[in-house]
């Protein structure tokens, strides 16, 4: 069983490496909406940690209060691509 699983892991690793190689070859010919895909591809050569797609993950309102400066910041995301900041000094 160990040998069979080791072989499957090796085959999977080989497929991933081949896919990364093909994507690297085509990196300049493809259009990219942002640099996250390119950075993720380049970092995947060094480790298996995924980059967070932060602008696509934030989907709720966030309030940040800083005292004693009476600084109020409202961060609200209206769409996946744009984030608007409203800053009010009191």
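Numbering (our numbering), first residue to last: 518 to 607. By construction, the Cβ of each residue, glycine as well, lies at the ideal position given by its N, Cα and C atoms.
- Excluding residues up to 5 positions away in sequence, 558 lie with their Cβ nearer than 7 Å to the Cβ of residue 541 in the same chain.
- Taken through DSSP and simplified to helix, strand or coil, residue 545 comes out as coil.
- Between the C-alpha atoms of residue 555 and residue 520 there is a straight-line separation of about 35 Å.
- The C-alpha of residue 537 is placed about 16 Å away from the C-alpha of residue 526.
- The alpha-carbon separation between residue 545 and residue 529 amounts to approximately 26 Å.
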